[in-house]
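Worksheet: one structure, shown below.
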Amino acid sequence: MDIIQKINWAGLLTNAGIITLKLIIILVAFLIVKAIGSRLIERAFQKVQNRQQVSPGRAMTLQSLSLNVFGYILVFIFVVMVFQVFEYDATALLAGAGVVGLAIGFGAQGLVSDVVTGFFLLLERQLDVGDYITTAGFSGIVEQVGLRTTQIRGFDGTLHYVPNREITNLSNHTRGNMRALVDIGISYDDDIDHAIKVMQDVCDKVAAEMPSIVEGPNVIGVQTLGASDVVIRVIAKTENGEQWGAERVLRKAFKEAFDANGIEIPFPHQVYMEKKDPSGNA
């Protein structure tokens with residue numbers, strides 16, 4: 001009881017209040033600086049994009065990386081200031097961080113590899129935000145490129161987090177014009193030359209209606225002789241990302257043109273056979 005009575009409770013409460021107030025001020029300052037810094041970075045890259053004609057994807061990629069680095073630096077400063085509130089020497093913290101970093105460096109080779117790989121991905125402009133890519137077993141749209149991971153949004157909506165060190169092979173489907181390819185079969189009984197003429201007329205009409213098609217479509221000719229159909233191939237070049245839409249439009253237009261010209265698209269048929277017994281009963 002004597003020990004408890006000797007404790008300066010007023011002083012402790014005062015110190016606790018001061019520390020709490022400092023922590024609140026630091027936290028508020030952290031949030032304000034983060035919000036202002038993020039806004040300034042976003043505006044800076046918008047100006048760069050407008051003035052220097054940087055592609056939107058490239059600007060978004062560099063903006064995402066800058067926000068990532070800014071966030072890491074801000075968190076580190078926040079942690080140092082919190083330690084200073086508790087009167088812990090920041091120099092000792094930095095020295096300790098160096099020793100700890102050296103100690104875990106051998107076990108964090110994967111992290112270092114992520115950062116180095118991410119740096120070269122950006123330096124060599126292998127991908128930008130908004131690109132459609134295939135890598136590490138995933139295909140989708142790049143949503144964010146960070147120092148450690150790259151975020152890829154699949155077509156089903158799944159967001160894949162891919163460590164940069166796993167991006168050993170990358171296919172970027174968003175560089176240059178893309179090819180639209182349609183294979184469509186006709187019956188062996190139909191006139192191939194007539195079918196090709198009908199298809200080419202359709203191609204010319206679709207090309208006039210779709211500005212996203214930059215070349216073709218052109219009927220290449222007979223691609224294969226199938227078990228029940230003659231497959232004719234059509235190829236076009238489209239603006240990036242528009243190839244699937246062009247293929248869908250072409251298939252619909254071919255079906256309508258074939259129906260109007262009496263050209264058959266073969267499809268499997270089912271034949272039902274009923275066997276009767278000698279007595280005449282089913």
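If you're matching positions, the sequence shown starts at 1 in this note's numbering and goes up one per residue.
Note that CB positions come from ideal geometry on N, CA and C, so glycine has one too.
Computed from a prediction, not measured in an experiment: that's the story for all the values here.
One thing to note: THR117 has its Cβ no nearer than 8 Å to the Cβ of MET178. Taking the Cα positions, GLU256 is about 22 Å away from GLY226.
According to the DSSP assignment, ASN172 belongs to no alpha helix (DSSP H) but to the beta strand (DSSP E) extending over 170-172. Counting along the chain, LEU225 sits inside the beta strand (DSSP E) bounded by residues 213-225. With the rule of 3 Cβ pairs closer than 8 Å, the stretch 248-265 counts as touching the stretch 164-184. Boundaries cannot be given for PHE155, as no beta strand (DSSP E) includes it and DSSP labels it neither H nor E.
Note on ARG248: under 16 other CB atoms within 10 angstroms of its CB, so exposed under the neighbour-count rule. Sixteen is the threshold: since fewer than 16 other Cβ atoms of the shown chains lie within 10 Å of the Cβ of GLY262, the residue is exposed. Under DSSP, ALA236 forms a beta bridge with ALA180. Counting C-beta pairs with one atom in each stretch, the stretch 196-203 and the stretch 216-233 have three or more that are closer than 8 Å, which means they touch. In this structure ASP156 is exposed. Its beta-carbon is surrounded by fewer than 16 other beta-carbon atoms within 10 angstroms.
Contact between THR149 and VAL162 holds: their C-beta atoms lie close to 6 Å from each other, under 8 Å. The stretch 166-180 and the stretch 202-211 do not touch, with fewer than three beta-carbon pairs separated by less than 8 Å. Taking all protein chains in view, the Cβ of THR224 is surrounded by fewer than 16 other Cβ atoms within 10 Å, so the residue is classified as exposed. A check of alpha carbon separations from VAL214 across GLN243, GLY71, VAL79, GLY37 identifies GLN243 as the nearest.
Secondary structure at SER139: strand, using DSSP grouped into helix, strand and coil.
In the structure shown, GLN126 falls within a coil segment according to DSSP collapsed to helix, strand and coil. Our two residues, SER212 and THR174, have alpha carbons roughly 14 Å apart in a direct line. When rounded, the separation of the alpha-carbon atoms in VAL69 and LYS22 is 26 Å. Rounded to whole angstroms, the separation of the alpha carbons of VAL85 and ILE18 is 9 Å. For GLU166, the closest of GLY140, LEU67, ALA136, VAL219 by C-alpha to C-alpha distance is ALA136.
Spatial neighbours of ARG153 in its own chain (CB-CB distance under 7 Å, excluding positions within 5 residues in sequence) are listed in chain order as GLY140, ILE141, GLU143, LEU159. About 10 Å separates the Cβ atoms of MET210 and ALA180, ruling out a contact at the 8 Å cut-off. C-alpha of GLN46 to C-alpha of VAL82: approximately 34 Å in a straight line.
No residue range can be given for GLU242, since it is assigned to no alpha helix (DSSP H) and is classified by DSSP as neither H nor E. Between GLY221 and ILE192, the alpha-carbon positions lie close to 9 Å from each other. Rounded to whole angstroms, the Cβ separation of LEU74 and VAL28 is 13 Å, and the two are not in contact under 8 Å. For TYR188, the secondary structure class from DSSP, reduced to helix, strand or coil, is coil.
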